Amino acid sequence: MGIEETTFHRRGAGASAYVAPALTLLATAIVWELAARYFQIPGWLLPTPSAIGEAMVDWRVELLRHTLVTLYETLMGFGLALAFGVPLAALVTYSPLLQKTIYPLLLALQSVPKVAVAPLLALWIGFGVLPKIVVVFLVCFFPIIVATAAGLSAVPATVMELIRSLSASQYQIFTKIRFPTALPHIFVGSKIAITFAVIGAVIGEFVGSESGLGYVILTSSSQLRTPLAFAALVILTLMSILLYYAVELAEGLCLPWVEKS
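When the count follows my numbering, it moves up by one through the sequence shown with no breaks and lands on 777 for the last residue.
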């Protein structure tokens, strides 16, 4: 009976975690709709949620096409950042020389505003999809490498002394101790990076593009189609949230032993 009650309470807590935000979002949309109608705010200035919904329905084909472009740029840039960031973090962790030479360069690169880099990438690479992927890569790279390096260095000293006393090789230490310890940190960095990835894709599309949700926002704003611009913003928000929870789902599947608060 005690186990059943505990399971029931956990399911109730899990349901409330989704119900409360949904109700808050619904209440916000209702207040927004009523306030915009009561104060007669022009639609080109601040569209109502119903007008945004109508724009999403009327432009659904175009929005879907542009959404797929932005999603492709986001996933490709994030995947490349993960593929290069984790190995480089391992090299930095094992090599004091690289830690003193490459790490400051990475920090300097992260400090450069990506909005300033995007026009240069468009100049060097062109106005296709590739410069947007590079911007996403640059946005995602630093959180992943920092989180991975911190995780690889988070092994307790007592554990390292024990494994070395057993004459374990560096390969065994990495695969059996360091990398499993770093996995939770890698997923933390990945969850931060995936939300930044969507922002990076939009930044690249703002600079020069003929497709993507960032392009939709620019063109619709210039033509005073504000409901369409807001529709693109809503899709970007949903994309960012869904990608975040996709990474969190992958974390739960890969690390079932990690207890979440």
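Glycine residues also receive a C-beta, built at the ideal position from the N, C-alpha and C atoms.
Here the structure is a predicted model, which means the values were calculated and not measured.
Simplified DSSP assignment, three categories, for residue i
| i | result |
| --- | --- |
| Q686 | helix |
| I733 | helix |
| A670 | coil |
| W773 | coil |
| E555 | Here residue 555 is Phe; the residue named in the question, Glu, does not match the sequence. Note: F555 maps to coil in three-state DSSP. |
| P629 | coil |
| S681 | helix |
| E589 | helix |
Selection from the options that minimises the alpha carbon distance to residue i
| i | options | result |
| --- | --- | --- |
| L580 | V763, L744, S683 | L744 |
| I702 | A663, T586, L562 | A663 |
| A666 | L682, F695, C656 | F695 |
| A597 | A698, I641, C656 | C656 |
| A670 | T697, K648, I649 | T697 |
| A567 | V774, L758, A748, L765 | A748 |
Cα-Cα separation between residue i and residue j, rounded to whole angstroms
| i | j | result |
| --- | --- | --- |
| L752 | I689 | 41 Å |
| F746 | P629 | 25 Å |
| M755 | I710 | 10 Å |
| L636 | T590 | 19 Å |
| V675 | A605 | 21 Å |
| S611 | G768 | 31 Å |
| L539 | P603 | 43 Å |
| V547 | R553 | 10 Å |
| E578 | V652 | 23 Å |
| F594 | L758 | 14 Å |
With 16 other Cβ atoms within 10 Å as the buried cut-off, status of residue i
| i | result |
| --- | --- |
| F555 | exposed |
| V573 | exposed |
Distance between beta carbons of residue j and residue i, contact taken as under 8 Å
| i | j | result |
| --- | --- | --- |
| T742 | W560 | 5 Å |
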